[in-house]
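Remarks on the structure that follows.
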Amino acid sequence: MDTHDVLSVSEVARRSGFAASALRYYEDQGLITAGRSSSGRRRYERGVLRRLAFVRAAGNIGLSLQEIRDELATLPASRTPTKADWQRISRHWRTRIDDQIAALERLRDGLDSCIGCGCLSLQRCAFSNPGDIASAQSPGAAYLPAQLRRVAPRR
Ligand code: FES
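Counting in the working numbering, the sequence shown runs from 2 upward without gaps.
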């Protein structure tokens, strides 16, 4: 394999924007794999950069670590995933992304209104959330779409 295609931990960290500790964490979680050099140091195939970009993007649209792992598990481990492999994954995502877009639009259009967070600071809250009735529904901004109330996966 061309050395240009094999990257060290620091090269992957610099190019992907993830800390070396995050790379080890994702390796432990089975999201990425690394080989070893003759001196035992981690070495990554260049294709790992696309996997890491996928991990970050998936996290940003609310996929849990388990969901990210399940998606990446559908990719061939023995070779760099092809366009067709990624297309298959993106089809899975399409519904999820559409839901996320709809949720963000509701957020954009609802921010000047009561979001049921318990602050009771807007005039509108007196009508939409009298006495903070929203607290009975869920913690956080009860009136925001569920996608926007999830705790984001670690890192
Ligand atoms: S905006 Fe916070 S309770 Fe209405």
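All C-beta atoms, glycine included, are put in the ideal place defined by N, C-alpha and C.
In this structure the stretch 36 to 45 does not lie against the stretch 70 to 77, because fewer than three pairs of beta carbons, one per stretch, are closer than 8 Å. Excluding sequence positions up to five before and after Ala104, its CB lies within less than 6 Å of the CB of Pro146, Gln148 and Leu149, all in the same chain and listed in chain order.
Closest by C-alpha distance to Ile62, out of Ala143, Gln101 and Leu121, is Gln101. When the five nearest sequence neighbours on each side are left out, the beta carbons in the same chain lying within less than 6 Å of the beta carbon of Ala143 are those of Gly117 and Ala135, in order along the chain.
Counted as a single uninterrupted DSSP element, the beta strand (DSSP E) harbouring Arg44 occupies residues Arg43 to Glu46. The Cβ atoms of Leu32 and Val56 lie closer than 8 Å to each other. As a beta-bridge residue in DSSP terms, Arg37 pairs with Arg43.
Distance from the CA atom of Pro140 to the CA atom of Asp133, rounded to whole angstroms, is 11 Å. Leu8 has Tyr45 as its beta-bridge partners, per DSSP. When distances are taken from the beta-carbon of Ile116 to the heavy atoms of the ligand FES, the shortest one is below 7 Å. If you compare the alpha carbons of Ile98, Phe19, Leu8 and Ser91 with that of Ser38, the shortest gap goes to Leu8. If the five residues before and after Ala54 are omitted, its C-beta is found closer than 8 Å to the C-beta atoms of Ser17, all from its own chain and listed in chain order.
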